[in-house]
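Student:
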DNA sequence: GTTAGCACTCAGGGGGTTTGAGTGCTAAAA
DNA sequence: TTTTAGCACTCAAACCCCCTGAGTGCTAAC
């Protein structure tokens with residue numbers, strides 16, 4: 270796509286004005302905006318050219334021009350200037366990262382919220398389900414004679430626990446025996462490898478305490494399953510209604526329900542190779558997103574796994590600002606996970 | 270409020286029609302609906318009476334009538350027929366209760382979602398923050414030479430854990446010592462009782478491992494704080510837009526943002542004495558809820574604590590159906606917690 | 001290649017009219 | 001006394017029409 274410098278300036282001015290105002294942009298406004306000594310007629314000629322190249326479109330004959338998805342694409346790839354975060358913005362992100370981010374589980378949710386607040390657009394966060402997680406170790410802690418805590422730690426250093434109450438009493442020795450048995454039999458196994466036969470063998474070996482085996486192992490299975498499952502968290506959906514393009518319910522509702530809770534993780538785009546990806550309008554696969562744009566970033570959560578966080582908005586979203594904030598946050602999250610600062614989880618019972 | 274039987278029937282018919290259609294109800298429609306051999310003129314006279322009693326109102330002179338909040342209140346208190354759950358509905362609720370309810374932490378969220386799906390209204394769930402929680406016991410589990418797991422259990426039987434990595438190595442003996450020290454010094458203490466002086470004394474006693482004390486104790490403090498904090502989960506906000514009364518953005522948006530994430534728990538009404546409470550329109554304290562109705566139910570989560578779950582919608586919400594579903598679900602939740610079937614939590618690190 | 005000028009287009013807003021559902025009142029019937 | 005039929009009245013919503021003004025494309029001159 271080779272454009273004259275002037276065309277580029279005009280296109281950029283149109284896009285930035287439209288991003289701001291959501292109103293079609295006329296030739297006169299642009300003539301002023303670019304501060305060149307050309308008349309609106311010249312701009313009109315140029316705009317006609319840009320339109321025939323598919324970079325602009327007209328909502329109707331006598332309105333100004335609006336950028337086409339192709340126009341946004343060119344803008345994003347070539348014209349857009351890096352948006353620098355203000356000190357205030359970085360501070361806000363940093364604070365958000367520090368704050369309440371201790372629990373891996375909530376990080377997703379929290380990250381989505383932060384992004385949504387930061388950008389004023391709805392945001393989503395995906396956990397990339399891990400594959401072939403295994404239990405690294407079991408610990409059984411006696412609490413009372415008829416209650417103990419299971420603590421399970423996976424090969425990816427995730428720790429979960431559960432309190433178990435029993436109808437009957439239990440000795441410390443039994444618990445010890447059980448502990449050893451579990452650690453020798455069920456560690457290093459992935460979900461598929463925990464077979465009913467294995468369970469039977471272990472139950473046999475456990476003697477009196479055979480019932481406890483299945484209690485503990487089914488907890489372990491739950492943990493493994495929950496880690497392999499992908500989940501979505503969305504937040505800031507209400508921001509959608511603040512945007513002029515979603516002031517009409519007919520437009521807002523389908524998108525809103527597409528993004529709403531219980532959304533299928535597969536619905537959401539994921540950056541493949543790059544750390545960040547911008548999908549403009551029809552570049553989205555999902556129909557409901559066909560006239561929205563999505564910006565997604567991924568971050569490292571250790572063990573080669575990546576988290577995904579993204580923003581959804583109208584095609585005229587402020588790409589420069591959003592990419593800047595999103596990538597800063599994603600970097601922060603990577604750092605957070607990388608340093609292992611993030612370590613808590615929680616487990617509770619009753 | 271003594272009304273003739275006929276007036277009661279008319280009022281009820283008006284309310285139920287309006288609940289259904291959201292359209293003002295005219296005298297003719299009612300004359301048919303109640304199947305009495307009276308003319309619309311008679312109904313008009315009766316409606317005029319009901320209006321002068323404040324039970325009905327007119328949006329404007331030449332429209333039909335709509336129920337006033339006072340009318341709904343009468344309906345809820347006296348006229349409403351118990352809605353019976355269909356087999357299908359109870360099955361759905363039961364299944365929802367079984368499914369994915371293992372983690373206390375997520376119960377809130379999950380319960381809100383279920384309600385929202387069940388009623389097609391936005392729902393909220395509150396955790397009633399506990400007061401004066403204390404740590405009952407500490408367990409430190411060695412993982413590697415430079416990593417260990419903290420497991421903390423509160424007096425309310427909630428267990429949380431965290432993985433800690435250290436820059437330097439640690440002996441099993443040190444960990445043992447630390448463990449004993451923590452259990453003798455910091456158990457049975459509430460948040461306020463964990464003073465800096467106490468910390469200093471303990472650090473002194475810990476010798477070389479003094480740094481670890483603050484690591485572990487600050488984790489314990491985090492846990493106590495998180496339990497004392499009240500939180501809200503909202504879900505199904507998108508349902509709001511499906512309702513005719515919220516088809517105009519000006520009406521939907523304030524409510525939506527009132528309910529949106531990061532909402533203050535104090536905003537939400539809580540049933541005090543009864544297990545269920547209905548707040549109709551102006552009966553709500555919050556301005557944003559002045560022309561909505563809220564139905565809240567509470568359920569027992571053990572230790573004398575109660576969870577709260579509620580539904581928000583237009584004043585013409587289907588009280589019969591919603592109270593039935595909500596109370597069934599609340600009972601189910603109470604049972605679930607009561608039996609202690611609910612026990613998992615989760616804790617993870619890295 | 002650029003500009004001024006001009007005829008043309010069309011969404012959006014304002015104002016007026018029509019429609020129809022619903023009301024209140026009155027007078028007659030039960 | 002209660003109910004009913006009839007009729008005049010009201011008013012939101014739908015529709016229509018016209019006007020306005022921002023913006024365009026084209027052409028002819030610079």
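Protein chains in written order, with this note's numbering: chain A, 270 to 619; chain B, 270 to 619.
For every residue, glycine included, the Cβ atom is placed at its ideal position computed from N, Cα and C.
Quick caveat, the model's predicted, so the values are computed rather than measured.
#1: So residue 213 of chain B and residue 282 of chain B are in contact, right, with Cβ under 8 Å, and what is the actual spacing, rounded?
#2: Could you check what DSSP says for residue 311 of chain B in three-state terms: helix, strand or coil?
#3: Report all residues from its chain with a CB closer than 7 Å to the CB of residue 295 of chain B; omit the five preceding and five following residues, and keep chain order.
#4: Between which two residues does the beta strand (DSSP E) harbouring residue 465 of chain B extend?
#5: Does residue 617 of chain A come within less than 9 Å of chain B when only Cβ atoms are used?
#6: If you compare alpha carbons, which of A:312, A:338, A:311, A:314 is closest to residue 323 of chain A?
#7: For residue 402 of chain B, name the three-state secondary structure that DSSP assigns.
#8: Do the segment 427 to 439 of chain A and the segment 540 to 558 of chain A meet, that is, are 3 or more Cβ pairs less than 8 Å apart?
#9: Scan the segment 402 to 468 of chain A and note each continuous alpha helix (DSSP H) run of 4 residues or more that stays entirely inside, going in chain order.
#10: Our contact map puts residue 565 of chain B next to residue 577 of chain B with C-beta atoms below 8 Å; I'd like the distance itself, whole angstroms only.
#11: If you count every other CB in all the chains shown that lies within 10 Å of the CB of residue 413 of chain B, and 16 or more means buried, which is it?
#12: Rounded to whole angstroms, what's the CA-CA distance from residue 467 of chain A to residue 558 of chain A? Just pull it up for me.
#13: Return the chain-ordered list of same chain residues with a C-beta closer than 8 Å to the C-beta of residue 416 of chain B, the five sequence neighbours on each side being excluded.
#14: Pick helix, strand or coil for residue 513 of chain B, following the three-state DSSP scheme.
#15: For a quick check, are the C-beta atoms of residue 456 of chain B and residue 490 of chain B less than 9 Å apart?
#16: Among residues of its own chain, excluding the 5 on either side of residue 549 of chain A, which ones have a beta-carbon nearer than 8 Å to its beta-carbon?
#17: Leaving aside the five residues before and after residue 246 of chain A along the sequence, list all residues of the same chain whose C-beta is less than 6 Å from its C-beta, in chain order.
#18: Against chain A, with Cβ distances strictly below 9 Å, would residue 301 of chain B count as a contact?
#19: On a Cα-Cα basis, can you pick out the residue from B:453, B:539, B:293 that is closest to residue 325 of chain B?
#20: Enumerate, from N- to C-terminal direction, the unbroken alpha helix (DSSP H) stretches of 4 or more residues contained entirely within the segment 500 to 554 of chain B.
#21: On a Cα-Cα basis, can you pick out the residue from B:521, B:313, B:479, B:289 that is closest to residue 331 of chain B?
#22: Could you name the residues of chain B that residue 408 of chain A contacts, counting a contact when the two beta carbons are closer than 7 Å?
#23: Go to residue 632 of chain B, then tell me how far its alpha helix (DSSP H) extends in each direction, as first and last residue.
#24: Among A:475, A:463, A:458, which one has its Cα closest to the Cα of residue 442 of chain A?
#25: Tell me the rounded alpha-carbon separation between residue 319 of chain A and residue 495 of chain B.
#26: Using DSSP with H/G/I as helix, E/B as strand and the rest coil, what is residue 620 of chain A?
#27: Taking the alpha-carbon positions, what's the residue 594 of chain B to residue 360 of chain B distance?
#28: Taking the DSSP output, what are the residues bridged to residue 219 of chain B?
#29: Among A:383, A:525, A:307, which has the Cα closest to the Cα of residue 275 of chain A?
#30: Against chain A, does residue 307 of chain B count as a neighbour if the rule is that its beta carbon must be under 9 Å from one of theirs?
#31: Does DSSP put residue 392 of chain A in a helix, a strand or coil?
#32: Within the same chain, show all residues whose beta-carbon is closer than 6 Å to that of residue 397 of chain B, passing over the 5 residues directly before and after it, in chain order.
#33: Can the beta-carbon of residue 384 of chain B be found less than 9 Å from the beta-carbon of residue 579 of chain B?
#34: Compare the C-beta of residue 370 of chain B against all C-beta atoms of chain A and say whether one is closer than 9 Å.
#35: For residue 401 of chain B and residue 423 of chain B, what's the separation of their Cα atoms in angstroms?
#36: When you compare only the Cα positions, how much space is there between residue 529 of chain B and residue 366 of chain A?
Tutor: From the atom records:
#1: Only positions 270 to 619 of chain B appear in this structure, which leaves residue 213 of chain B out of reach.
#2: As a working mapping, residue 311 of chain B is identified with position 42 in the second chain. Here DSSP, grouped into helix, strand and coil, assigns residue 311 of chain B to helix.
#3: Numbered from 1 along the second chain, position 26 holds the residue referred to as residue 295 of chain B. Only 333 meet the Cβ criterion.
#4: Here the question's residue 465 of chain B lines up with position 196 in the second chain. Segment 465 to 475 is the alpha helix (DSSP H) holding residue 465 of chain B; no beta strand (DSSP E) there.
#5: Taking the first residue of the first chain as position 1, residue 617 of chain A is located at position 348. Because the pLDDT of residue 617 of chain A is 39, which lies under 50, any placement of that residue in the model is unreliable, and the number read from its coordinates should be weighed accordingly. So, interface residue.
#6: Position 54 of the first chain, counted from the first residue, corresponds to residue 323 of chain A. It is A:338.
#7: One-based indexing of the second chain puts residue 402 of chain B at position 133. In the three-state DSSP reduction, residue 402 of chain B falls in the coil class, being neither helix nor strand.
#8: When C-beta atoms of the segment 427 to 439 of chain A are compared with those of the segment 540 to 558 of chain A, fewer than three pairs fall below 8 Å, so the two segments do not count as touching.
#9: The segment 402 to 468 of chain A contains these whole alpha helix (DSSP H) runs: 441 to 454.
#10: Residue 565 of chain B sits at position 296 when you count from the first residue of the second chain. Residue 577 of chain B sits at position 308 when you count from the first residue of the second chain. Right, the Cβ-Cβ distance comes to about 6 Å (below 8 Å), so this counts as a contact.
#11: Reading the second chain from its first residue, position 144 is the one you call residue 413 of chain B. Residue 413 of chain B is exposed by the Cβ-count criterion.
#12: In the first chain, the residue the question calls residue 467 of chain A occupies position 198. In the first chain, the residue the question calls residue 558 of chain A occupies position 289. For the pair residue 467 of chain A and residue 558 of chain A, the Cα-to-Cα distance works out to about 47 Å.
#13: Within the second chain, residue 416 of chain B is the residue found at index 147, counting from 1. Taken in chain order, the residues that qualify are 432, 433, 434, 435.
#14: Locating residue 513 of chain B in the second chain gives position 244, counting from the first residue. Residue 513 of chain B falls in the helix class under three-state DSSP.
#15: As a position in the second chain, residue 456 of chain B is number 187, starting the count at 1. As a position in the second chain, residue 490 of chain B is number 221, starting the count at 1. Between residue 456 of chain B and residue 490 of chain B, the C-beta spacing is not below 9 Å.
#16: On the first chain, position 280 is the one that residue 549 of chain A refers to. Counting only Cβ-Cβ distances below 8 Å, and skipping sequence neighbours, we find 338, 341, 342, 345, 562, 584.
#17: The structure shown has nothing for residue 246 of chain A, since chain A only spans 270 to 619.
#18: Counting from one through the second chain, the residue named residue 301 of chain B turns up at place 32. Taking 9 Å as the CB threshold, residue 301 of chain B stays off the interface with chain A.
#19: Taking the first residue of the second chain as 1, we reach residue 325 of chain B at position 56. Nearest C-alpha to residue 325 of chain B: B:293.
#20: For the segment 500 to 554 of chain B, the full-length alpha helix (DSSP H) segments reaching 4 residues or more read 518 to 528 along the chain.
#21: On the second chain, position 62 is the one that residue 331 of chain B refers to. Looking at B:521, B:313, B:479, B:289, the one whose alpha-carbon comes closest to that of residue 331 of chain B is B:313.
#22: Indexing the first chain from 1 puts residue 408 of chain A at position 139. By Cβ distance, chain B contributes 410.
#23: With chain B covering only 270 through 619, there is no way to say anything about residue 632 of chain B.
#24: As a position in the first chain, residue 442 of chain A is number 173, starting the count at 1. Scanning A:475, A:463, A:458 for the CA closest to the CA of residue 442 of chain A turns up A:475.
#25: In the first chain, the residue the question calls residue 319 of chain A occupies position 50. In the second chain, the residue the question calls residue 495 of chain B occupies position 226. C-alpha separation (whole angstroms): 57 Å.
#26: Residue numbering for chain A in the displayed model covers 270 to 619; residue 620 of chain A lies beyond these limits and cannot be assessed.
#27: As a first step, residue 594 of chain B is located in the second chain; it is residue number 325 there, counting from the start. As a first step, residue 360 of chain B is located in the second chain; it is residue number 91 there, counting from the start. Here the alpha carbon of residue 594 of chain B sits roughly 12 Å from the alpha carbon of residue 360 of chain B.
#28: Because chain B is modelled from 270 through 619, residue 219 of chain B falls outside the range shown and cannot be assessed.
#29: Counted from its first residue, the first chain places residue 275 of chain A at position 6. Closest option to residue 275 of chain A, Cα to Cα, is A:307.
#30: Here the question's residue 307 of chain B lines up with position 38 in the second chain. Not an interface residue.
#31: The residue you call residue 392 of chain A lines up with position 123 of the first chain. In the structure shown, residue 392 of chain A sits in a strand (DSSP, three-state: E or B).
#32: The sequence position of residue 397 of chain B within the second chain is 128, counting from 1. Answer for residue 397 of chain B: 574, 575, listed in chain order.
#33: In the second chain, the residue the question calls residue 384 of chain B occupies position 115. In the second chain, the residue the question calls residue 579 of chain B occupies position 310. Residue 579 of chain B sits close to residue 384 of chain B, with the two beta carbons spaced by under 9 Å.
#34: Against the second chain, residue 370 of chain B aligns to sequence position 101. The pLDDT assigned to residue 370 of chain B is 46, lower than 50, so where the model puts this residue is not dependable; a value taken from the coordinates is nonetheless given after this. With a threshold of 9 Å between beta carbons, residue 370 of chain B makes no contact with chain A.
#35: In the second chain, residue 401 of chain B corresponds to position 132, counting from 1. In the second chain, residue 423 of chain B corresponds to position 154, counting from 1. So the alpha carbons of these two residues sit roughly 10 Å apart.
#36: Taking the second chain and counting its residues from 1, the one referred to as residue 529 of chain B is at position 260. Taking the first chain and counting its residues from 1, the one referred to as residue 366 of chain A is at position 97. Take the alpha-carbon of residue 529 of chain B and the one of residue 366 of chain A: they are about 21 Å apart.
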